[in-house]
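Let me begin by presenting the structure, written as structure tokens, before commenting on it.
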């Protein structure tokens, strides 16, 4: 995927991303062709392939932008760095992006969201104080998977409007206050 700063290339990336998302509202991701995306975006296939390898990279770029926005917001909020504040911040961002996340779930692309959330949680590594640094990546992977799985479940149940509900539940589960054995 193109990572440069050329304004024309970045504009084309944005056009392609928005075109793909618009087309996903009309038909399944798997049925959308690169040709259709390019026609909708008003760019050539050569331009597409100079910027992206495939449609999944287009979705990945959109998720990168979402998680970068989330990361900046979380750091700027200067909340106490707790599991609660982390979950609240992520869920607020996800509820704002419900339409995008719903498209991903409908098209079985939620694995991309999990991978991207894991990558961005790893970028917040300075706030995680793990008992065992070697296992920290596993713990972050678990947290990312739990959050995305709960979001996917809530979207499928059409119950994804209250960010605090899921955030509270994630926090209770992770801190051992939900299940009793």
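Numbering (the working numbering), first residue to last: -7 to 173. Note that the Cβ used here is the ideal one computed from N, Cα and C, for glycine as well. Fair warning: this is a prediction, and the values are worked out from it, not measured in the lab.
Check whether the Cβ atoms of residue i and residue j sit closer than 9 Å, and answer yes or no.
i: residue 28; j: residue 10; result: no
i: residue 21; j: residue 93; result: no
i: residue 101; j: residue 61; result: no
i: residue 66; j: residue 81; result: yes
i: residue 56; j: residue 108; result: yes
i: residue 139; j: residue 158; result: yes
i: residue 166; j: residue 75; result: yes
i: residue 95; j: residue 17; result: yes
i: residue 87; j: residue 36; result: no
i: residue 77; j: residue 106; result: no
i: residue 50; j: residue 2; result: no
i: residue 46; j: residue 24; result: no
i: residue 147; j: residue 90; result: yes
i: residue 68; j: residue 110; result: no
Just verifying my parser: in three-state terms, what is the DSSP assignment at residue i?
i: residue 75; result: helix
i: residue 36; result: coil
i: residue 151; result: coil
i: residue 6; result: helix
i: residue 19; result: coil
i: residue 27; result: helix
i: residue 168; result: coil
i: residue 132; result: helix
i: residue 46; result: coil
i: residue -7; result: coil
i: residue 160; result: helix
i: residue 51; result: helix
i: residue 140; result: helix
State yes or no: is the C-beta of residue i nearer than 8 Å to some heavy atom of the ligand NAD?
i: residue 168; result: Of the ligands one can find in the structure shown there are none, so the ligand NAD has no counterpart to examine.
Which whole-angstrom value describes the C-beta separation of residue i and residue j, a residue pair presumed to lie in contact below a C-beta threshold of 8 Å?
i: residue 63; j: residue 5; result: The pair is not a contact, with the Cβ atoms about 20 Å apart (cut-off 8 Å).
i: residue 114; j: residue 129; result: 7 Å
i: residue 112; j: residue 59; result: 4 Å
i: residue 163; j: residue 79; result: 6 Å
Next on the checklist: To test your reading of the DSSP string, which unbroken alpha helix (DSSP H) runs of 4 or more residues are found completely within the region 62 to 117?
Outcome noted: Complete alpha helix (DSSP H) runs here, min 4: 75 to 88, 90 to 98 and 102 to 115.
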